[in-house]
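Chemist: Residue numbers (this note's numbering), protein chains in the order written: chain R, 1375 to 1594; chain F, 1375 to 1594. Quick reminder that beta carbons are idealized off the backbone N, C-alpha and C, glycines included.
This is the structure:
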């Protein structure tokens, strides 16, 4: 099984996706996917039976607004991504309660992949993460030290890691640092041969994991 | 002119909106409006000639993702709302450049209205705000001290303030503390008589502003 999540920030044809699905078993939607493809497209992609579909809404609002958004997209995803910095009371408390009741997963962003993100807030975000107790966390692959920190602080939680490929991190590095899945988008969907590139990325990741001998556990 | 922005987090009929438009000249869309009403509804509402339409996406992503989202919704709004905590490089720098080029406004969230929001990060966010130099800021009406701080720090910027009504702040208080506009949603769209309530809110706000004698300037 590959440790890759396809960031579908572009509309790829369903037949191509079905082929990519042989190498990459998880997919991440975003507002870009929704705006470009519409709800109908998301519905068709969801039906392709991925191991997990994650909706990356980067939720960062008050509780009632986040729950309204998530409830409208509930049938199109297994898990949702929210920011942690918004805090607990009146925000993540009710969102987590809602998602648990709906049997949906929540991933909290603990560190982003772009240059301007400030990791000095991590002690604060970690505290919120402990209170929320979500399924897992998002930590940028461009932040190897942060992946190690979050892995040490939350040994049982799933870590998913964006920023691989176009954003600069090498395939496999985030896994070797402690992540469970690497999120790859542009390298695949901007390619003329997304199927071949998917296979290539899967093999590169496997080679790298073999090299560092850090095979992720199957966390639930 | 009323100092009210209607938070359209629900689908209100166009004829009712046309009547509300007599008392409230600005409207704020959110993902809830988009998901419930669809792009076609937003397009029709936009045509009602508001003084300003603001799309409250609470953007909080890397530059390329935020720009993809905003460019898909460009023709439906005059301004967009983004979080500030995501930082400058690789996020707000490019977003601000893009929006300026498109003649669109940007409002940065500096303080939210719910209990869990932590204002101890304000000095950091203020620094980012100074670098971005946006059209204005979002500061929760439930945080009177923060409205005063932001007004003192940014005398020329527009402050828009959510959290009025259902979330606890009294109509007019945010204006008296230094905000330019109060954002009101549920009190209006959950009412059986949204038109009458809109007029009532407008009059209450005017009375309150007369009481505190703090009429906002016309900031651009």
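Can you name the start and end residues of the beta strand (DSSP E) that residue 1430 (chain R) belongs to?
Modeler: Run containing residue 1430 (chain R): 1426–1433, per the beta strand (DSSP E) assignment.
Chemist: Can you give me the Cβ contacts of residue 1384 (chain R) inside the same chain, cut-off strictly under 6 Å, excluding the 5 residues immediately before and after it?
Modeler: If we look at residue 1384 (chain R) and ignore the five residues flanking it on each side, its Cβ neighbours are 1563.
Chemist: Where do the ends of the alpha helix (DSSP H) carrying residue 1585 (chain R) lie?
Modeler: Taken as a continuous stretch (DSSP letters only), the alpha helix (DSSP H) holding residue 1585 (chain R) covers 1568–1586.
Chemist: Residues of chain R with CB closer than 8 Å to the CB of residue 1462 (chain F), please, in chain order.
Modeler: Those are 1490, listed as they occur along chain R.
Chemist: Starting from residue 1405 (chain R), find everything on chain F with Cβ-Cβ shorter than 7 Å and list it in chain order.
Modeler: Correct list: 1443.
Chemist: May I ask you to report which of helix, strand or coil DSSP gives residue 1552 (chain R)?
Modeler: Three-state DSSP puts residue 1552 (chain R) in coil, outside helix and strand.
Chemist: Along the segment 1387–1419 of chain F, where does the CB come closer than 8 Å to a CB of chain R? Name the residues.
Modeler: Cβ contacts with chain R come from 1404, 1405, 1406, 1409 and 1410.
Chemist: According to DSSP, residue 1400 (chain F) sits in a beta bridge with which residue or residues?
Modeler: Answer by DSSP bridge pairing, in chain order: F:1379 and F:1426.
Chemist: Closest to residue 1334 (chain F) by CA distance: which of F:1586, F:1500 and F:1393 is it?
Modeler: Because chain F in this structure spans residues 1375 to 1594, residue 1334 (chain F) falls outside the shown range and cannot be described.
Chemist: Residue 1586 (chain R): buried (16+ other C-beta within 10 angstroms of its C-beta) or exposed?
Modeler: By the neighbour-count rule (16 or more Cβ atoms within 10 Å), residue 1586 (chain R) is not buried but exposed.
Chemist: Which same chain residues, not among the five before or five after residue 1582 (chain F), have their C-beta less than 8 Å away from its C-beta?
Modeler: Answer for residue 1582 (chain F): 1544, 1545, 1546, 1547, 1549 and 1550, listed in chain order.
Chemist: What do you reckon, are the CB atoms on residue 1484 (chain R) and residue 1444 (chain R) nearer than 8 Å?
Modeler: Contact: no.
Chemist: Consult DSSP for residue 1487 (chain R) and reduce its assignment to one of helix, strand or coil.
Modeler: Coil.
Chemist: Whose Cβ in chain R lies nearer than 7 Å to the Cβ of residue 1534 (chain F)?
Modeler: The premise fails here: residue 1534 (chain F) is roughly 15 Å from chain R at the closest Cβ pair, so nothing lies under 7 Å.
Chemist: Label residue 1375 (chain R) either buried or exposed according to how many other C-beta atoms from any shown protein chain fall within 10 Å of its C-beta, with 16 as the threshold for buried.
Modeler: Residue 1375 (chain R) comes out exposed.
Chemist: Hey, is residue 1436 (chain R)'s beta-carbon within less than 8 Å of any beta-carbon in chain F?
Modeler: It does; some Cβ of chain F falls within 8 Å.
Chemist: For the beta strand (DSSP E) that contains residue 1513 (chain F), what are its first and last residues?
Modeler: Segment 1510–1513, the beta strand (DSSP E) holding residue 1513 (chain F).
Chemist: Given 8 Å as the limit, is there contact between the segment 1425–1438 of chain F and the segment 1384–1403 of chain F, that is, 3 or more CB pairs closer than that?
Modeler: Yes: at least three Cβ pairs fall under 8 Å.
Chemist: If we count Cβ pairs, one from each stretch, closer than 8 Å, do we get three or more for the segment 1455–1463 of chain F versus the segment 1414–1424 of chain R?
Modeler: Because the criterion of three Cβ pairs below 8 Å is not met, the segment 1455–1463 of chain F and the segment 1414–1424 of chain R do not touch.
Chemist: Distance check for residue 1394 (chain R) and residue 1387 (chain R), CA to CA, integer angstroms please.
Modeler: Approximately 11 Å, taken between the alpha carbons.
Chemist: So, for residue 1560 (chain R): in the same chain, excluding its five sequence neighbours on each side, which residues have a beta-carbon less than 7 Å away from its beta-carbon?
Modeler: If we look at residue 1560 (chain R) and ignore the five residues flanking it on each side, its Cβ neighbours are 1539 and 1540.
Chemist: Counting along the chain, where does the beta strand (DSSP E) carrying residue 1534 (chain F) start and finish?
Modeler: Here the beta strand (DSSP E) through residue 1534 (chain F) covers 1532–1535.
Chemist: So what does DSSP say about residue 1459 (chain R), is it helix, strand or coil?
Modeler: It is coil, neither helix nor strand.
Chemist: Can you confirm whether the segment 1467–1486 of chain F touches the segment 1436–1453 of chain F when touching is taken to mean that 3 or more C-beta pairs between the two stretches lie within less than 8 Å?
Modeler: Yes: the two stretches touch, three or more of their Cβ pairs being nearer than 8 Å.
Chemist: Going by beta-carbon coordinates alone, are residue 1412 (chain F) and residue 1437 (chain F) separated by less than 8 Å?
Modeler: Going by C-beta atoms, residue 1412 (chain F) is not nearer than 8 Å to residue 1437 (chain F).
Chemist: Strictly below 7 Å CB to CB, what residues from chain R border residue 1459 (chain F)?
Modeler: Per Cβ cutoff of 7 Å: 1459.
Chemist: Can you give the Cα-Cα distance for residue 1518 (chain F) and residue 1378 (chain F), rounded to whole angstroms?
Modeler: Between residue 1518 (chain F) and residue 1378 (chain F), the C-alpha separation is close to 17 Å.
Chemist: Verify whether the separation of the beta carbon atoms of residue 1451 (chain F) and residue 1469 (chain F) is less than 8 Å.
Modeler: The answer is no: Cβ separation not under 8 Å.
Chemist: Can you give the beta carbon distance from residue 1552 (chain F) to residue 1532 (chain F), rounded, assuming they're within the 8 Å contact cut?
Modeler: The Cβ separation is near 11 Å, so there is no contact.
Chemist: Using a Cβ cut-off of 9 Å, pull out every chain F residue sitting near residue 1383 (chain R), in sequence order please.
Modeler: Chain F residues near residue 1383 (chain R): 1438, 1439 and 1442.
Chemist: Less than 8 Å between the C-beta atoms of residue 1508 (chain R) and residue 1481 (chain R), yes or no?
Modeler: Yes; because the gap between Cβ atoms is below 8 Å, this pair is in contact.
Chemist: Could you give the residue range of the alpha helix (DSSP H) that holds residue 1419 (chain F)?
Modeler: Its alpha helix (DSSP H) spans residues 1405–1420.
Chemist: Looking only at DSSP bridge pairs, what is residue 1480 (chain F) linked to?
Modeler: Partner(s): F:1454.
Chemist: Which residues does DSSP list as the beta-bridge partners of residue 1538 (chain R)?
Modeler: Per DSSP, R:1543.
Chemist: Any beta carbon from chain R within less than 8 Å of residue 1564 (chain F)'s own beta carbon?
Modeler: No, residue 1564 (chain F) does not count as interfacial toward chain R.
Chemist: Just to confirm my understanding: we take residue 1579 (chain R), look at its own chain, exclude 5 residues before and 5 after, and list those with CB closer than 8 Å. What are they?
Modeler: Within the same chain, residue 1579 (chain R) has close Cβ partners 1376, 1377, 1378, 1545, 1546, 1549 and 1556.
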